[in-house]
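In what follows, a structure is listed as structure tokens, so that the remarks can point back to it.
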Ligand code: ARG
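In the numbering used here, the protein residues as written are 1 to 465.
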């Protein structure tokens, strides 16, 4: 970033005094919005093409503009472009460089356009690309989950409610729960894309423009679904950005829950999984430590993503129509949201295959905590007992087991018969972990067969098969 020599401002005509140096730096956005350069150039090329096709620019002017813009793009990419704070933002830096390089034709590029519709267009073009990348990143994580779920379709661990052992579940089924959450996240991103993909250009500063523009042509050139219906709305609202931020927050909320499970499961107290060394770090003082830093960091990053959502909502709140400078503040939270989301999804997808299940520890935990108590109640119901009575009977058996330090499956038939005469020796197959999970054999249930069927359907939904 250079400050000298100060280039002339593109809007300085009505001003008598120069901008205060601090105010200039304070109001500038070029330090962060230069990231939009390729979208700004893409939008300008389409705008110039449309202006020429409407006879507002000559063809030689159009060609000079397009060539000049492409050259600027190459210079930026080669690191050979001098961004100037005095030129405030990405838009005026590029326009000023264009005029410097091609002369008067450069000054005509801004005909029928304002930075207000320009910046709204740039962000939408940028976000449209990001949404595509993010959807692919979610898909990669989902694919990793499908592979892991297929491997672990028969693995049994305790399922929890209130973090207390509830009923045995298969690990494949558990992983497929995360798959489903992510599938909704991917849909939310796709849905957000529909509302992002609408073109502000032509709205100009706020009211439209007096030139005979063709907004449909510009929209088509930029791959937008359609031009925005209302110019005031087009330049001012950032609801599409808020919507993205909300979808990102929900996605991060899911990743934070998943992270929390990985953290708990990899603790010595649970010992359900081992995360490979590449996703953990050690402690500088405690030699025995292997910390699950990656899931912890993702859990932590959820905070800033939620913060950006509240930030953007508050930024937009109570803003009168139409464009206000407040909106310049939309970019940093948006960029940060997209960057951290992409990073979190990428590392998560790589972490899934690096999880090793400690099946014995999972099994042992499922054996403790009377995970098959509901199965015993269901068994009594099948023998003709009303469910409430069965619940009571099993409650007594559990109390006995707690006192004795034994699971239901570890009691003798005589002991069990003491709670209900209807219990026969066929009870033991329902009290086993395998019997319990395989009995939940309906769509959405935890039986291994159902897990395999759910994975097969999921592969079709993702278009993988
Ligand atoms: N840098 C500005 C932004 O990010 C561009 C639009 C400025 N428009 C204006 N009328 N000052 O919002």
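Backbone N, C-alpha and C define an ideal beta-carbon position, used for all residues, glycine too.
Note down, in chain order, each residue of its chain lying with its Cβ closer than 8 Å to the Cβ of residue 354, except the 5 sequence neighbours on either side.
As a working note, residue 354 is residue 354 in the chain shown. Around residue 354: 275, 276, 278 and 279.
Inter-residue Cα distance where the pair is residue 366 and residue 427:
Taking the first residue of the chain shown as 1, we reach residue 366 at position 366. Taking the first residue of the chain shown as 1, we reach residue 427 at position 427. Residue 366 and residue 427 have their C-alpha atoms roughly 18 Å apart.
Tell me whether residue 33 counts as near ligand 1, meaning its Cβ is closer than 7 Å to at least one heavy atom of that ligand.
Locating residue 33 in the chain shown gives position 33, counting from the first residue. Answer for residue 33: yes, Cβ within range of ligand 1.
Would you say the beta carbon of residue 115 comes nearer than 7 Å to a heavy atom of ligand 1?
Looking up residue 115 in the chain shown gives position 115. Checking the Cβ of residue 115 against ligand 1 gives yes.
Note down the Cα distance separating residue 84 from residue 339, rounded to an integer number of angstroms.
Stepping through the chain shown from its first residue, residue 84 is reached at position 84. Stepping through the chain shown from its first residue, residue 339 is reached at position 339. If I take the Cα positions, the gap works out to 25 Å.
Among 282, 208, 375 and 227, nearest to residue 217 - alpha-carbon criterion
On the chain shown, position 217 is the one that residue 217 refers to. With distances taken between Cα atoms, residue 217 lies closest to 227.
Can you confirm whether the stretch 198-214 touches the stretch 97-116 when touching is taken to mean that 3 or more C-beta pairs between the two stretches lie within less than 8 Å?
In short, these stretches touch, since the Cβ pair count reaches three.
Flag this pair as yes or no: are the beta carbons of residue 45 and residue 10 separated by less than 8 Å?
As a first step, residue 45 must be located in the chain shown, where it is residue number 45. As a first step, residue 10 must be located in the chain shown, where it is residue number 10. No, they are not a contact pair.
Taking a contact to mean a Cβ-Cβ separation below 8 Å, would you say residue 462 touches residue 142 in this structure?
By one-based count along the chain shown, residue 462 stands at place 462. By one-based count along the chain shown, residue 142 stands at place 142. It is a contact, given that the beta carbons lie within the stated cut-off.
Nearest-angstrom Cα separation, counted from residue 56 out to residue 210:
Within the chain shown, the letter at position 210 stands for residue 210. Within the chain shown, the letter at position 56 stands for residue 56. Roughly 11 Å between the two C-alpha positions.
Please go through the stretch 283-331 and give each complete alpha helix (DSSP H) segment of 4 or more residues, from N-terminal end onward.
Listed in chain order, they are 293-316.
For residue 357, the residue or residues it bridges with in DSSP
Translated into positions along the chain shown, residue 357 becomes position 357. Assignment of beta-bridge partners to residue 357 by DSSP yields 273.
DSSP state of residue 448 mapped onto helix, strand, coil:
For the purposes of this step, residue 448 is identified with residue 448 of the chain shown, where counting begins at 1. It is helical.
Compute the minimum distance between the beta carbon of residue 39 and the heavy atoms of ligand 1, and state whether it is under 7 Å.
In the chain shown, residue 39 corresponds to position 39, counting from 1. False, no ligand heavy atom lies under 7 Å from that Cβ.
May I ask you to list the residues that DSSP assigns as paired with residue 158?
The residue labelled residue 158 in the question sits at position 158 within the chain shown. Paired residues: 168.
First through last residue of the alpha helix (DSSP H) which encompasses residue 470
What is shown of the chain runs 1 to 465, which leaves residue 470 out entirely.
Taking C-alpha atoms, which residue in 64, 337 and 37 lies nearest to residue 75?
As a first step, residue 75 must be located in the chain shown, where it is residue number 75. It is 37.
Taking the continuous alpha helix (DSSP H) assigned at residue 92, which residues delimit it?
For the purposes of this step, residue 92 is taken as residue 92 along the chain shown, with counting starting at 1. Element bounds for residue 92: 90-102.
What residues are listed by DSSP as bridge partners for residue 199?
Reading the chain shown from its first residue, position 199 is the one you call residue 199. Looking at the DSSP output, residue 199 shares a beta bridge with 227.
If you draw a straight line from the C-alpha of residue 172 to the C-alpha of residue 451, how long is it?
Position 172 of the chain shown, counted from the first residue, corresponds to residue 172. Position 451 of the chain shown, counted from the first residue, corresponds to residue 451. Between residue 172 and residue 451, the C-alpha separation is close to 6 Å.
Integer-rounded CB distance, given that residue 192 should sit under 8 Å from residue 131
Counting from one through the chain shown, the residue named residue 131 turns up at place 131. Counting from one through the chain shown, the residue named residue 192 turns up at place 192. Yes, residue 131 and residue 192 are in contact; Cβ-Cβ is about 6 Å, under 8 Å.
Quick check on DSSP: helix, strand or coil for residue 27?
If you number the chain shown from 1, residue 27 lands on position 27. Under the three-state reduction of DSSP output, residue 27 falls in the helix class.
Can you find a heavy atom of ligand 1 that lies under 7 Å from the Cβ of residue 89?
In the chain shown, residue 89 corresponds to position 89, counting from 1. True, at least one ligand heavy atom lies under 7 Å from that Cβ.
Check whether the Cβ of residue 211 sits closer than 7 Å to any heavy atom of ligand 3, and report yes or no.
As for ligand 3, it is missing from this structure, which binds only ligand 1.
Ligand 1 heavy atoms versus the CB of residue 82: any closer than 7 Å?
Along the chain shown, read from residue 1 onward, the residue named residue 82 stands at position 82. It does not: the Cβ of residue 82 is nowhere closer than 7 Å to a heavy atom of ligand 1.
Label residue 58 either buried or exposed according to how many other C-beta atoms from any shown protein chain fall within 10 Å of its C-beta, with 16 as the threshold for buried.
Residue numbering aside, residue 58 sits at position 58 when the chain shown is read from its first letter. With fewer than 16 other beta carbons inside 10 angstroms of its own, residue 58 counts as exposed.
N-terminal and C-terminal residue of the alpha helix (DSSP H) that residue 40 is part of:
The residue given as residue 40 occupies position 40 in the chain shown. Secondary structure note for residue 40: its alpha helix (DSSP H) is the uninterrupted segment 37-53.
Would you mind giving the Cβ-Cβ distance between residue 49 and residue 448, rounded to the nearest angstrom? I have them listed as a contact below 8 Å.
Along the chain shown, read from residue 1 onward, the residue named residue 49 stands at position 49. Along the chain shown, read from residue 1 onward, the residue named residue 448 stands at position 448. Your pair residue 49 and residue 448 does not check out as a contact, with CB atoms roughly 59 Å apart and the cut at 8 Å.
Among 92, 160, 189 and 98, which one has its Cα closest to the Cα of residue 133?
Stepping through the chain shown from its first residue, residue 133 is reached at position 133. Nearest C-alpha to residue 133 among 92, 160, 189 and 98: 189.
What residues match up with residue 412 in a beta bridge as DSSP calls it?
To locate residue 412, count along the chain shown from 1; it is residue 412. DSSP, once it has assigned bridges, lists no residue as partnering residue 412.
Check whether the Cβ of residue 327 sits closer than 7 Å to any heavy atom of ligand 1, and report yes or no.
In the chain shown, counting from the first residue as 1, residue 327 sits at position 327. It does: the Cβ of residue 327 is within 7 Å (strictly closer) of some heavy atom of ligand 1.
Out of 125, 300, 295 and 151, which one is the CA nearest neighbour of residue 240?
Mapped onto the chain shown, residue 240 falls at position 240. Selection 125, 300, 295 and 151 evaluated against residue 240 yields 125 as nearest (Cα-Cα).
Less than 8 Å between the CB atoms is what I'm expecting for residue 298 and residue 245, so what's the real figure, rounded?
The residue you call residue 298 lines up with position 298 of the chain shown. The residue you call residue 245 lines up with position 245 of the chain shown. With a contact defined as Cβ atoms closer than 8 Å, residue 298 and residue 245 miss out at about 17 Å.
Between the beta-carbon of residue 201 and the beta-carbon of residue 121, is there less than 8 Å?
Within the chain shown, the letter at position 201 stands for residue 201. Within the chain shown, the letter at position 121 stands for residue 121. Yes. Within cutoff.
Reduced DSSP secondary structure (H/G/I, E/B, other) of residue 58:
Stepping through the chain shown from its first residue, residue 58 is reached at position 58. Under the three-state reduction of DSSP output, residue 58 falls in the coil class, being neither helix nor strand.
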